[in-house]
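S.K.: Using numbering that gives the first Met the number 0, the first residue of the sequence shown is number 0, and each one after it goes up by one. Quick reminder that beta carbons are idealized off the backbone N, C-alpha and C, glycines included. Provided herewith is a single structure, encoded as structure tokens, for subsequent inquiry.
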Amino acid sequence: MIRSWLFVVAVLTFDLLLVSCTKHPEEDDSFKQIQLHWNAVDSDAESSEHKDNCVIEITSKVMQAPLVLKSKLVEISYEVIYSLTEKGELVFEGRCGDSRFSDLPECSWQSTCSGGSASVVKFHNER
């Protein structure tokens with residue numbers, strides 16, 4: 000009885016060792032720390048009734064953008080300047096806060112928001 004019990008314990012121990020020593024696939028490290036610092040050009044843009052909805056929607060779109068997710072940068076900090084056009088649209092322009100990365104395509108984008116909804120976030124690279 001003791002011999003069979005020891006055999007079971009030995010087999011279980013061996014199985015645990017095999018499982019713990021096998022190669023596990025690398026974890027998906029696609030998390031990016033993204034910061035957006037919002038700066039209104041004037042009080043009209045700051046007090047726009049649609050500003051909050053636009054900021055939320057643009058933040059979501061920037062965080063989900065393939066260029067941002069595939070970026071080699073672990074952390075991206077954007078300085079976002081926004082203004083109100085004569086048509087009542089909010090125009091947002093985002094740039095990476097660290098000028099060393101200004102040539103990367105994910106470091107420059109623009110979005111226009113009207114009625115509280117941003118159509119798209121267009122990434123571009125100004126050289």
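Tell me whether SER64 sits in a helix, a strand or coil according to DSSP, three-state version.
M.R.: Note that residue 64 is Ala in the sequence shown, not Ser. Of the three classes helix, strand and coil, the one that applies to ALA64 here is coil, per DSSP.
S.K.: So if DSSP puts CYS95 in a beta bridge, which residue, or which two residues, is it bridged to?
M.R.: In the DSSP output, where bridge partners are listed per residue, CYS95 has TYR77.
S.K.: How would you call GLY87, buried or exposed, if buried means at least 16 neighbouring beta carbons within 10 angstroms?
M.R.: By the neighbour-count rule (16 or more Cβ atoms within 10 Å), GLY87 is not buried but exposed.
S.K.: In whole angstroms, give me the CA-to-CA distance for SER101 and SER107.
M.R.: Going by the C-alpha atoms only, they are around 7 Å apart.
S.K.: Run the CB neighbour count on LYS69, radius 10 Å, all protein chains shown included, and call it buried at 16 or more, exposed below.
M.R.: Exposed: under 16 other Cβ atoms inside 10 Å.
S.K.: Can you give me the start and stop residues for the alpha helix (DSSP H) that SER128 sits inside?
M.R.: The structure shown does not extend to residue 128, since the chain spans only 0 to 126, so no value can be given for it.
S.K.: Out of curiosity, what's the CA-to-CA distance linking SER59 and VAL40?
M.R.: About 22 Å.
S.K.: Tell me whether SER82 sits in a helix, a strand or coil according to DSSP, three-state version.
M.R.: Of the three classes helix, strand and coil, the one that applies to SER82 here is strand, per DSSP.
S.K.: For HIS123, report the span of its beta strand (DSSP E) as first-last.
M.R.: Unbroken run through HIS123: none, as it is neither H nor E.
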